[in-house]
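Chemist: Under the numbering used here, read the sequence shown as residues 66 to 244, first letter to last.
Ideal placement from N, C-alpha and C gives every residue a C-beta, glycine not left out.
Only a predicted model underlies this, so the values are computations on that prediction, with no experimental measurement involved.
Have a look at this one.
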Amino acid sequence: MLAAFPTATILRSSIVFGREDGFVNRFAGMISGAPALIGRPLVPVMAAATKFQPIYVVDLAQVVVKALAEPEAFGGQTYAIGGPDVISMGELNRWIAGAIGRDVRFLEIPNDLGGAIAAMPLTPISKDQWAMLSRDNVVDGSVPGIEAFGVRPVPLATVAPEWLVVYRKNGRFNKVARA
66 MLAAFPTATI
76 LRSSIVFGRE
86 DGFVNRFAGM
96 ISGAPALIGR
106 PLVPVMAAAT
116 KFQPIYVVDL
126 AQVVVKALAE
136 PEAFGGQTYA
146 IGGPDVISMG
156 ELNRWIAGAI
166 GRDVRFLEIP
176 NDLGGAIAAM
186 PLTPISKDQW
196 AMLSRDNVVD
206 GSVPGIEAFG
216 VRPVPLATVA
226 PEWLVVYRKN
236 GRFNKVARA
């Protein structure tokens, strides 16, 4: 990309989370809506070991604004933008369950089966989504990161509980200890 546009600023972000995201909210919806067939609800988790370094949308927006405002400082470079925490898909689902006060069991789907499910039509995950889940999405330090922009990233656990209350059994009226 830089060969074609040598003054471009390339921002490679990990998964982005925020109040109306399609990531954390998707899993919270699956966890809160899981049926209890026998005992506690059972929630399938694909790619449970895959690691992410989720970045808060507000932090990413600050990076974008700074990159646009100072092209002479950031142009012609690539940056890997991730949040302060590295978390696996399994850990993320367990954290979400705790944050919304849901007592569920998790069933880790083997990767071979996950790939087969993603290849079928009308499943909850596409082949492209599966491809993204099939490898870690973390900042590796090979290029500068969010620190180059002077932005201090916000951890998921400090902001997400505020909007995840809608997934609690009794919404805002159900007190849940924050993890």
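Where do the N-terminal and C-terminal ends of the beta strand (DSSP E) with L102 fall, by residue?
Modeler: Segment: none, L102 is in no beta strand (DSSP E) and carries neither H nor E.
Chemist: Which two residues bound the contiguous alpha helix (DSSP H) that contains Q142?
Modeler: Not the alpha helix (DSSP H): Q142 falls in the beta strand (DSSP E), residues 142-146.
Chemist: Please classify V204: does DSSP put it in a helix, a strand, or coil?
Modeler: coil
Chemist: What do you get for D124, buried or exposed, if any count of 16 or more other CB atoms within 10 angstroms of its CB means buried?
Modeler: buried
Chemist: Pick helix, strand or coil for K234, following the three-state DSSP scheme.
Modeler: coil
Chemist: Using 8 Å as the threshold, is the C-beta distance between L198 and A112 below it?
Modeler: yes
Chemist: Counting only runs of 3+ residues fully inside the segment 144-202, write out the beta strand (DSSP E) ranges in chain order.
Modeler: DSSP runs (the beta strand (DSSP E)) wholly in the segment 144-202: 170-174.
Chemist: If I'm right that A145 touches G210 with Cβ under 8 Å, what's the distance once you round it to whole angstroms?
Modeler: 5 Å
Chemist: Who are the near neighbours of S97 in its chain, counting only those whose CB is closer than 7 Å to its CB and skipping five residues on each side?
Modeler: I165, R167, Y232
Chemist: Among S78, V128, D86, V110, which has the Cα closest to the Cα of A213?
Modeler: V128
Chemist: Three-state secondary structure (DSSP) at P109?
Modeler: P109 falls in the strand class under three-state DSSP.
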